[in-house]
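*Asks:*
Protein chains: 2
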Amino acid sequence: MHSEIDIKFMNLAFKEAEKAKGFVSPNPMVGAVIVKDERVIGRGFHSKSGMPHAEIEALKDCSEDTSGATLYCNLEPCCHSNKQTPPCVPEVIKAGFKRVVICNVDPNPEVSGKGIKALRDSGIEVEVGVLEPEGEKLNEVFFHSILSDTPFIHLKAAQTLDGKIQSFTGDSKWISNESCRKRSHGLRLTYDAILIGRETLNNDNPSLNIRMGVDANGKIPFRVILGDPEKFNWDSYLFREDIEKNIFITTNKIDSLDSLKRKIIEKGQVIENHNLIKSLIELKKLGIQSVLIEGGSKVLSSFLKEGLFNKLTIFQAPKLLGNGEGIFKSTNNLISDSLNLKITNTEVIEGNLMIELRKQCLQE
Amino acid sequence: MHSEIDIKFMNLAFKEAEKAKGFVSPNPMVGAVIVKDERVIGRGFHSKSGMPHAEIEALKDCSEDTSGATLYCNLEPCCHSNKQTPPCVPEVIKAGFKRVVICNVDPNPEVSGKGIKALRDSGIEVEVGVLEPEGEKLNEVFFHSILSDTPFIHLKAAQTLDGKIQSFTGDSKWISNESCRKRSHGLRLTYDAILIGRETLNNDNPSLNIRMGVDANGKIPFRVILGDPEKFNWDSYLFREDIEKNIFITTNKIDSLDSLKRKIIEKGQVIENHNLIKSLIELKKLGIQSVLIEGGSKVLSSFLKEGLFNKLTIFQAPKLLGNGEGIFKSTNNLISDSLNLKITNTEVIEGNLMIELRKQCLQE
């Protein structure tokens, strides 16, 4: 068991880390708090890839001498030098800390445990694992993508109580309430890319930017469109501006689309898709660590069926539509053949219900 | 604001009241606690219609003199004498209480406020409204049925995350987990009757008793079957025993069913139905204060469409079936034409989600 004091200051480090939400990819969100005699004397966070790490920012922020102080940090301080920023461990040692409290061990094999060892070798007392699960949740994208060839995939849908994401005529306005839609724009901020299918492109003509009072500080996520470019409505908003943010995952070979080829190449990057998993690997190679999937029934269903997701968020409104389309298409006739998920969180948001789910692990 | 001490002892009175859960209809659940110098010196509950009221039981239970003590009681003590039990107010006055703390005013027009007035007139200090909403929830059935011609109607269904209560082949085993099914049997205990449709009778052949570790103390709820007796499977369990508990709401006139008439009358009581609301009034006349509606799709849908329900409980399992039937059938094409409900409670029950809903009031 960790002390209440350590938990309190680690939560402050989380608060620092969260200040970088949406802007720090492909790096993790990291915050640091320096404490002396139970008073915070410095704090900082890692704001962006290439910028100083949280520990260094907290040291710069310090109002008094750090010797004998405690450093709280949600990720193991780094000790490797093959990156844009110098390693933090030597600076932490130099600062004369008595104790360093860490939430998560860095999963990056180049660091993992080595930073902690170096600190201990220099005589600093190191405590590891304070609020570990919360830290893993905070950096779930980083923890997945550092060890995987594919981005972190988050499926998102708004549905009625009877599981409809749209009526049979395609109407989906508005299933969830304004607070949930704001939350949804908040999710967009934290992902590198948003993925939709061709039907959503043509039916909803979405702008896929970040609005509804969420401060995106100019960030425009990548917009990934899945489907056959021959069927795209080329008058859609997405083809008017920020086209450098467009990525098309096509079911065709571009060479077979002679008449469209120029337009496609003008309006975005292309991944010639053979299957979903290969396309995701290509997205990762383009530097995309995380994808929020907002697509239509067909798209959501494909990812669900192939198990290609890390998280599913449903905003469920207490409405009964009575017909329409759900997120999952199947011909299952037995409940025992259902796709089983696991609820990891629920929250009532002004009368709507947010349900977060994960894949069910076989061991459970 | 009510004092913490009053809230604490009113919660103890609730605990007493709940001991009668399932056995006290058509009366409300009432508990009483007698407190002197912040010590409980007596407690009691109303166990069954015709048995002594909670206040009297608590007085009998008292270990010491009640003069100057405080009586906590979740319902206003009664002062009318046209019932099986004598009025409580004179006994309460006789006991010499200094103070009486009440949660809910009795909605029965014969009592409402008169009990409180009589207590005050005798010089007792009376405080009303401690945990009032919780008290209304505890006795929601009583509060509805005392003032209504129809029973309290509670719709219940287990559904998948995508809103299916069964597959298109009729399979529904098992959507929710064992803990939810236990909870469901617990609900059966607290209702006078369980209502199903003809399709559920024939497809599931249910026994509609109270099992799964719930102590029913021999109680068998009325079983109400809605539909055309010509299509009933007369080999079903329900026609083998406890047939005095069967009530058929038929869409036909019994006289038109000459060949079946004898069987129908032998196997239960009959309500010749013209519409749902009239049938519910007939059920109330038979002494049924509360009905738990256990589906299927057609039956639930009828009650939902006509707004004939007080409460809806969904046990939602995190499974995706992908096809099948939901609780609500409609041809709505616009989300804005959905039936709007209001979430009143949610609870995660061992990985399944219980969602309680009410009709949305127009004023809200």
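Sequences listed follow chains A and B, in order.
The numbering of the first sequence is the working numbering, which starts it at 1 and goes up by one.
The numbering of the second sequence is the working numbering, which starts it at 365 and goes up by one.
Glycine is no exception: its CB is placed at the ideal position from the N, C-alpha and C atoms.
#1: What distance in whole Å lies between the Cβ atoms of B/Glu636 and B/Lys560, which are believed to be in contact at a cut-off of 8 Å?
#2: In chain B, which residues lie with their C-beta within 9 Å of the C-beta of A/Asn340?
#3: Less than 7 Å separating the Cβ of A/Glu136 from some heavy atom of the ligand FMN?
#4: How big is the Cα-Cα spacing for A/Val348 and A/Asn11?
#5: If you compare alpha carbons, which of A/Ile56, A/Ser336 and A/Arg198 is closest to A/Lys231?
#6: Please identify, using Cβ separations under 7 Å, the residues of the stretch 535-549 of chain B that lie next to chain A, in order along the chain.
#7: Pull the bridge partners of B/Leu559 from the DSSP assignment, please.
#8: Is it right to say A/Gln84 is buried, meaning 16 or more other beta carbons lie within 10 angstroms of its own, or is it exposed?
#9: Report yes or no: do the stretch 92-105 of chain A and the stretch 69-76 of chain A share at least 3 C-beta pairs separated by less than 8 Å?
#10: Please list the partners that B/Phe667 has in chain A, where partner means a Cβ-to-Cβ separation under 9 Å.
#11: Given a threshold of 16 other Cβ atoms within 10 Å of its Cβ, counted over all protein chains shown, does A/Phe152 qualify as buried or as exposed?
#12: Does any CB atom of chain A fall closer than 8 Å to the CB of B/Ile589?
#13: Verify whether the separation of the beta carbon atoms of A/Phe328 and B/Asp526 is less than 8 Å.
#14: In whole angstroms, give me the CA-to-CA distance for A/Arg223 and B/Asp579.
#15: With DSSP run on the structure shown, which of helix, strand or coil describes B/Thr434?
#16: Would you kindly report the start and end of the unbroken beta strand (DSSP E) that includes A/Val35?
#17: With respect to the alpha helix (DSSP H) encompassing B/His508, which residues constitute its N-terminal and C-terminal limits?
#18: Looking at the unbroken beta strand (DSSP E) that takes in A/Leu353, where does it start and where does it end?
#19: Strictly under 8 Å for the Cβ-Cβ distance: is A/Phe328 near chain B by that measure?
#20: Quick check on B/Phe667: buried or exposed, where buried means 16 or more other Cβ atoms within 10 Å of its Cβ?
#21: Could you check where the beta strand (DSSP E) with B/Lys706 kicks off and where it finishes?
#22: Count the other CB atoms within 10 Å of the CB of A/Lys267; is the residue buried (16 or more) or exposed (fewer)?
#23: Checking 8 Å against the spacing of the C-beta atoms, do A/Val40 and A/Val33 come in under that value?
#24: What residues from chain B crowd round A/Ile343, counting only those whose CB sits closer than 7 Å?
#25: Rounded to whole angstroms, what is the Cα-Cα separation between A/Lys94 and A/Ile56?
#26: With DSSP as the reference, identify every bridge partner of A/Arg135, one or two as the case may be.
#27: Under the assumption that B/Ser694 contacts A/Gly115 (Cβ atoms under 8 Å), give the Cβ distance between them as a whole number of angstroms.
#28: Helix or strand or just coil, what does DSSP make of A/Lys286?
#29: What are the partner residues of B/Arg407, as DSSP defines its beta bridges?
#30: For B/Phe679, report the span of its alpha helix (DSSP H) as first-last.
#31: Rounded to whole angstroms, what's the CA-CA distance from A/Thr169 to B/Leu698? Just pull it up for me.
#32: Please list the terminal residues of the continuous beta strand (DSSP E) segment that includes A/Asn104.
#33: To the nearest angstrom, how far is the alpha carbon of B/Gln724 from that of A/Thr313?
#34: Who pairs with A/Phe23 in a beta bridge, going by DSSP?
#35: Please name the residue, chosen from B/Lys627, B/Ile645, B/Ile611 and B/Lys546, that lies closest to B/Pro511 on a Cα-to-Cα basis.
#36: DSSP beta-bridge partners for B/Thr524?
*Replies:* So, from the data block:
#1: The residue you call residue 560 of chain B lines up with position 196 of the second sequence. The residue you call residue 636 of chain B lines up with position 272 of the second sequence. Checking the sequence, you will find Ile at residue 560 of chain B rather than Lys. 19 Å between Cβ atoms; not a contact.
#2: Numbered from its first residue, the first sequence carries residue 340 of chain A at position 340. Contact of A/Asn340 with chain B by beta-carbon distance below 9 Å involves Ala681, Pro682, Lys683 and Leu684.
#3: Among the components of this structure there are no ligands whatsoever, and the ligand FMN is therefore not found.
#4: For this step, residue 348 of chain A is matched to residue 348 along the first sequence. For this step, residue 11 of chain A is matched to residue 11 along the first sequence. Going from the Cα of A/Val348 to the Cα of A/Asn11 covers about 23 Å.
#5: If you number the first sequence from 1, residue 231 of chain A lands on position 231. Distance from the Cα of A/Lys231 is smallest, within the candidate group A/Ile56, A/Ser336 and A/Arg198, for A/Arg198.
#6: Answer in chain order: Asp535, Ser536, Lys537, Trp538 and Ile539.
#7: Walking along the second sequence from the start, residue 559 of chain B turns up at place 195. Paired residue(s): B/Val588 and B/Ile657.
#8: The sequence position of residue 84 of chain A within the first sequence is 84, counting from 1. Around the CB of A/Gln84, fewer than 16 other CB atoms lie within 10 Å, so the residue is classed as exposed.
#9: Result yes; three or more Cβ-Cβ pairs closer than 8 Å.
#10: Mapped onto the second sequence, residue 667 of chain B falls at position 303. None at all; the shortest Cβ gap to chain A is about 12 Å.
#11: Taking the first sequence and counting its residues from 1, one reaches residue 152 of chain A at position 152. Burial call: buried.
#12: Counting from one through the second sequence, the residue named residue 589 of chain B turns up at place 225. With a threshold of 8 Å between beta carbons, B/Ile589 makes no contact with chain A.
#13: Locating residue 328 of chain A in the first sequence gives position 328, counting from the first residue. Locating residue 526 of chain B in the second sequence gives position 162, counting from the first residue. Result yes, Cβ atoms of A/Phe328 and B/Asp526 sit closer than 8 Å.
#14: Reading the first sequence from its first residue, position 223 is the one you call residue 223 of chain A. Reading the second sequence from its first residue, position 215 is the one you call residue 579 of chain B. Using only the alpha carbons, I get a separation of about 57 Å.
#15: On the second sequence, position 70 is the one that residue 434 of chain B refers to. Three-state result, B/Thr434: strand.
#16: As a working mapping, residue 35 of chain A is identified with position 35 in the first sequence. Secondary structure note for A/Val35: its beta strand (DSSP E) is the uninterrupted segment Gly31 to Lys36.
#17: Counting from one through the second sequence, the residue named residue 508 of chain B turns up at place 144. Run containing B/His508: Glu504 to Ser509, per the alpha helix (DSSP H) assignment.
#18: For this step, residue 353 of chain A is matched to residue 353 along the first sequence. Looking at the DSSP string, the run of the beta strand (DSSP E) that includes A/Leu353 is Asn352 to Lys359.
#19: Within the first sequence, the letter at position 328 stands for residue 328 of chain A. Interface residue, yes.
#20: Indexing the second sequence from 1 puts residue 667 of chain B at position 303. Counting Cβ neighbours within 10 Å, B/Phe667 comes out buried, since at least 16 surround it.
#21: For the purposes of this step, residue 706 of chain B is taken as the residue at position 342 of the second sequence. According to the DSSP assignment, B/Lys706 belongs to the beta strand (DSSP E) that extends over Leu703 to Ile713.
#22: As a working note, residue 267 of chain A is residue 267 in the first sequence. Label assigned to A/Lys267: buried.
#23: Position 40 of the first sequence, counting from 1, holds the residue named residue 40 of chain A. Position 33 of the first sequence, counting from 1, holds the residue named residue 33 of chain A. Taking 8 Å as the Cβ cut-off, A/Val40 and A/Val33 qualify as a contacting pair.
#24: What you label residue 343 of chain A is simply residue 343 of the first sequence in a count that begins at 1. Those are Pro682, Val712, Gly715 and Leu717, listed as they occur along chain B.
#25: Here residue 94 of chain A is taken as the residue at index 94 of the first sequence, counted from 1. Here residue 56 of chain A is taken as the residue at index 56 of the first sequence, counted from 1. Our two residues, A/Lys94 and A/Ile56, have alpha carbons roughly 11 Å apart in a direct line.
#26: Here the question's residue 135 of chain A lines up with position 135 in the first sequence. Reading off the sequence shown, one finds Gly at residue 135 of chain A, where the question assumed Arg. In the DSSP secondary-structure assignment, A/Gly135 is not bridged to any residue.
#27: Against the second sequence, residue 694 of chain B aligns to sequence position 330. Against the first sequence, residue 115 of chain A aligns to sequence position 115. So it is not a contact: roughly 59 Å between Cβ atoms.
#28: Sequence index remark: in the first sequence, residue 286 of chain A carries index 286 (1-based). Contrary to the premise, residue 286 of chain A reads as Leu rather than Lys in this sequence. It is coil, neither helix nor strand.
#29: Locating residue 407 of chain B in the second sequence gives position 43, where the first residue counts as 1. DSSP links B/Arg407 through a beta bridge to B/Val397.
#30: Numbered from 1 along the second sequence, position 315 holds the residue referred to as residue 679 of chain B. Not the alpha helix (DSSP H): B/Phe679 falls in the beta strand (DSSP E), residues Lys675 to Ala681.
#31: On the first sequence, position 169 is the one that residue 169 of chain A refers to. On the second sequence, position 334 is the one that residue 698 of chain B refers to. Put simply, the backbone Cα of A/Thr169 is about 8 Å away from that of B/Leu698.
#32: Residue numbering aside, residue 104 of chain A sits at position 104 when the first sequence is read from its first letter. Taken as a continuous stretch (DSSP letters only), the beta strand (DSSP E) holding A/Asn104 covers Arg99 to Asn104.
#33: The residue you call residue 724 of chain B lines up with position 360 of the second sequence. The residue you call residue 313 of chain A lines up with position 313 of the first sequence. Cα atoms of B/Gln724 and A/Thr313: separation of roughly 25 Å, rounded to the nearest angstrom.
#34: Position 23 of the first sequence, counted from the first residue, corresponds to residue 23 of chain A. Paired residues: none, contrary to the question.
#35: On the second sequence, residue 511 of chain B is found 147 positions in, with the first residue counted as 1. Per the sequence shown, residue 511 of chain B should be read as Leu rather than Pro. Taking only the C-alpha atoms, the option nearest B/Leu511 is B/Ile645.
#36: Taking the first residue of the second sequence as 1, we reach residue 524 of chain B at position 160. Its beta-bridge partners are B/Ala681.
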